[in-house]
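Protein chains in written order, with our numbering: chain R, 12 to 227; chain E, 12 to 227. One structure is given here, and the rest of the page talks about it.
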DNA sequence: TCGAACAACATTGTCAACAATTTCGTTCGA
DNA sequence: TCGAACGAAATTGTTGACAATGTTGTTCGA
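Laid out in structure tokens, this is it:
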């Protein structure tokens, strides 16, 4: 792995280490269950061990890293059962957000959702699962954002961080995009119709489908 | 404040500091918005500053303290708006738990809920709001626990930690226990009837009531 | 008297060294 | 040959000191 660290700035070292490490885990550069030795990371990022340590503590409470006393840190592996439990929480929280978004969103924002829906339809028609997966993620992020529910947004972003690895597997499954597309379009339609209850139901139906898919 | 620190164990200092500090905040020993100076806390708890620092970083991501670069830490103050937003999240997450508890709980556990319900009725009849508040808290904790949904439990415990100060105010409001009691009994009944949808609805109705009360 | 530059102070951020703990390989004995 | 005790290496936990940053009180000039 290349030493991409800055020339040892000395300024805001911890934040630098935190950002780099989080990105590395989220982008899958670190293998699951890989050991995270403080000294190695410190050298790799060009900061001191104390900064790495602080970053690891923070990542632990984000659920990305697992720390055991006197034993060290590992990239946390999320089992399928945990992924299901996490998605159940996403289900109700995103349902809350969708309901609020149906009420709170501006007309311009609703147009953005419509545009996203068309882009997703096109991606599926063109058979581009990666593009579709990106748009999918973007759609959910937009709905969260439009809800204005900052607490829920915070919780959801944390939960999503723990699912990076599972999301990949799901997107590439054959036939999956077709099924999920109609669910997504239903979410968009109900929000645009400014119907909170229907929007919540649509989001929950969609994520219930994701849970089924996770279980294979 | 008495120096309740151990005679400087040297072992697991950070965990000690973390526990003491969290307890102090949760028990209201620290005034809202009080400054938390690392040196003072270190001396108070009989640990080094690094341990206090680690504890503060962890408490920050729990939402109990607020940290600003080069400016220090404060006990985080939760505005009424935030308390409402937090309770909205609690509403959907506890709804999820109640639905699962209605399916997963054992018969013995359902009996525990029934017993709690009777105790709560008695506390209201006897006009003991503090006892009632404790039982209230206990009931919610039991339902969470019986759901077996560890992820939701984790999120809820964190959210509840941020509400300590608001909970007090709510419990002592005249007339509040009477209204909330019937809602709680409905929650218990629907779970004992093993009706997930009704249980979820009952919990959400109850917490919607709490939100109304929070808004005064 | 009021405002701005300045300096002293308080506090956090960073660092390198030391102590404690765990892990793993080795040796000794049955 | 197998198992347990032992010891060395690796790694984390802790400590005190130093550097960077923000804050506050003071002085000088208009």
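Beta carbons are placed, not taken as given, at the ideal position from N, Cα and C, and that holds for glycine. These numbers come from a predicted model, not from an experiment.
- In the DSSP assignment, residue 78/E falls within the beta strand (DSSP E) that extends over 76–79.
- Secondary structure at residue 84/R: strand, using DSSP grouped into helix, strand and coil.
- Here the C-alpha atom of residue 165/E lies approximately 11 Å from the C-alpha atom of residue 100/R.
- Between residue 135/E and residue 185/E, the CB-CB gap reaches or exceeds 8 Å.
- With respect to the 8 Å criterion, residue 97/R and residue 174/R are classified as neighbours on the basis of their beta carbons.
- In the structure shown, residue 46/R falls within a strand segment according to DSSP collapsed to helix, strand and coil.
- Residue 85/R is positioned such that its CB atom lies closer than 8 Å to that of residue 46/R.
- When Cβ-Cβ separations below 8 Å define contact, residue 72/R makes contact with chain E.
- Contiguous alpha helix (DSSP H) elements confined to the region 108–191 of chain E occur at 118–136, 140–158, 161–172, 175–182, taking only those with 4 or more residues.
- Relative to residue 32/E, the option among 59/E, 144/E, 63/E whose CA is nearest is 63/E.
- Think of a sphere of 7 Å around the beta carbon of residue 103/E: the chain R residues whose beta carbon falls inside it are 103, 104, 106, 107, in chain order.
- Residues of the region 159–170 of chain E with a C-beta less than 8 Å from any C-beta of chain R: 160, 161, 162, 163, 166, 170, listed in chain order.
- Within the model, the alpha-carbon separation for residue 155/E versus residue 204/E is close to 17 Å.
- Rounded to whole angstroms, the separation of the alpha carbons of residue 48/E and residue 216/E is 42 Å.
- The contact set of residue 77/R on chain E, defined by CB atoms closer than 9 Å, is empty, because the minimum CB distance reaches about 14 Å.
- One alpha carbon belongs to residue 109/E, the other to residue 38/R, and they sit about 35 Å apart.
- Between the region 120–134 of chain R and the region 193–204 of chain R there are three or more inter-stretch CB-CB distances shorter than 8 Å, so the stretches are counted as touching.
- Counting C-beta atoms within 10 angstroms of its own C-beta, residue 111/E has 16 or more neighbours from the protein chains shown and is therefore classed as buried.
- Rounded to the nearest angstrom, the Cβ distance from residue 103/R to residue 221/E is 17 Å, too far for a contact under 8 Å.
- Taking 7 Å as the Cβ-Cβ cut-off, the region 42–65 of chain E approaches chain R at 65, given in chain order.
- Secondary structure note for residue 33/E: its alpha helix (DSSP H) is the uninterrupted segment 24–37.
- When DSSP states are grouped into helix, strand and coil, residue 205/E belongs to the coil group.
- In this structure residue 65/E touches residue 68/R by the C-beta definition: roughly 6 Å separates them, less than 8 Å.
- Distance from residue 225/R to residue 177/R at the Cβ level is roughly 7 Å; contact confirmed, criterion being Cβ atoms closer than 8 Å.
- For residue 69/R, the nearest beta carbon of chain E is closer than 8 Å to its own beta carbon.
- The beta carbon of residue 97/E falls within 8 Å of a beta carbon belonging to chain R, placing the residue at that interface.
- Look at residue 69/R here: in three-state DSSP terms it is helix.
- Within the same chain, 104, 107, 108 come within 6 Å of residue 163/E by CB-CB distance, once the 5 residues on both sides are set aside.
- With 16 or more other CB atoms across the displayed protein chains lying within 10 angstroms of its CB, residue 24/E is buried.
- For residue 93/R, the closest Cβ of chain E is nearer than 8 Å.
- In this structure residue 28/R is in contact with residue 58/R, their Cβ atoms being roughly 5 Å apart against a cut-off of 8 Å.
- Less than 8 Å separates the beta-carbon of residue 150/R from that of residue 195/R.
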